[in-house]
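Before any comments, here is the structure.
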Amino acid sequence: MAFKRIPPILVVQNNAWWCWAACMEMINRAHPEKFSGTIRNQSEWIAAMQASPVAHVALNSHDGLNMSFFGQFTNAIGMLFNGWIGPPAGVPDLAFAESKLHHSLLLAAFRVPGGCHFVVIHSFDGSHVGYTNPAPGTGEQRTDYSRIQSGPLMIAWKL
Numbered sequence: 001m002a003f004k005r006i007p008p009i010l011v012v013q014n015n016a017w018w019c020w021a022a023c024m025e026m027i028n029r030a031h032p033e034k035f036s037g038t039i040r041n042q043s044e045w046i047a048a049m050q051a052s053p054v055a056h057v058a059l060n061s062h063d064g065l066n067m068s069f070f071g072q073f074t075n076a077i078g079m080l081f082n083g084w085i086g087p088p089a090g091v092p093d094l095a096f097a098e099s100k101l102h103h104s105l106l107l108a109a110f111r112v113p114g115g116c117h118f119v120v121i122h123s124f125d126g127s128h129v130g131y132t133n134p135a136p137g138t139g140e141q142r143t144d145y146s147r148i149q150s151g152p153l154m155i156a157w158k159l
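Each step along the sequence shown adds one to the number in this note's numbering, with nothing skipped, and position 19 is 19.
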């Protein structure tokens, strides 16, 4: 199992809650043709989501994206998604995730203390996942497969 895309140009999130919007800007910039040729920045992604019929459940009071409504969010912006609840019942299927990377960069959400965080996955190399983290001071990172498979994971891709 190994597939790599060119890492996206890093977009640093504008505040602690906008990791999802920064990731969407990165994916959108890498694949403008999949988003009708329109490139939105973080603020524009926030505004578009606020105008969406699912905004009242998908966004928190700080415009952070609620991981529990990931499916409604991805559906609203025309992305497909899959999620795993984590061990022991639902270990993330990295072969499946890699197959979706063939379509586009992957928006990925995972749990962190106090909520969730979003990153953009760009590679699987047989033992590690490569991703771009929008949090200030992070950027390009790698983690081993066992860490990814140790908890809940949600991914989205654009056909």
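We treat Cβ as the ideally placed atom computed from N, Cα and C, and that holds for glycine.
(1) Keeping to the same chain, check which residues put their C-beta closer than 7 Å to that of Val54; ignore five residues upstream and five downstream.
(2) Indicate, with yes or no, if the ligand SAH has a heavy atom lying under 7 Å from the CB of Gln42.
(3) Leaving out the 5 sequence neighbours to the left and right, which residues in its chain are closer than 7 Å to Cys116 when beta-carbon positions are compared?
(4) Could one say the Cβ of Tyr145 lies closer than 8 Å to chain D's Cβ atoms, at least one of them?
(5) Taking three-plus beta-carbon pairs below 8 Å as touching, is the segment 28-35 in contact with the segment 149-156?
(6) With H, G and I counted as helix, E and B as strand and the rest as coil, what does DSSP make of His62?
(7) Please tell me whether Met1 and Gly126 are closer than 8 Å, where the distance is taken between their beta carbons.
(8) Which residues share a DSSP beta bridge with Phe118?
(9) Excluding the 5 residues preceding and the 5 following Gly130 in the sequence, name in chain order all residues of the same chain whose CB lies nearer than 6 Å to its CB.
(10) Can you tell me which of the three DSSP states Ala22 falls into?
(11) Check whether the segment 2-9 and the segment 96-109 are in contact - that is, three or more C-beta pairs closer than 8 Å.
According to the structure data:
(1) Phe69, Gln72, Phe73, Ala76
(2) Annotation note on the ligand SAH: not contained in the displayed structure, which lists no ligands.
(3) The residues are Met67, Ala109, Phe110.
(4) The chain labelled as chain D is not found in the depicted structure, where only one protein chain is given.
(5) Touching, no, given that fewer than three Cβ pairs across the two stretches are closer than 8 Å.
(6) Reduced to three states, the DSSP call for His62 is coil.
(7) Remark: C-beta atoms of Met1 and Gly126 approach each other more closely than 8 Å.
(8) Ala109
(9) His122, Ser123, Arg142
(10) helix
(11) yes
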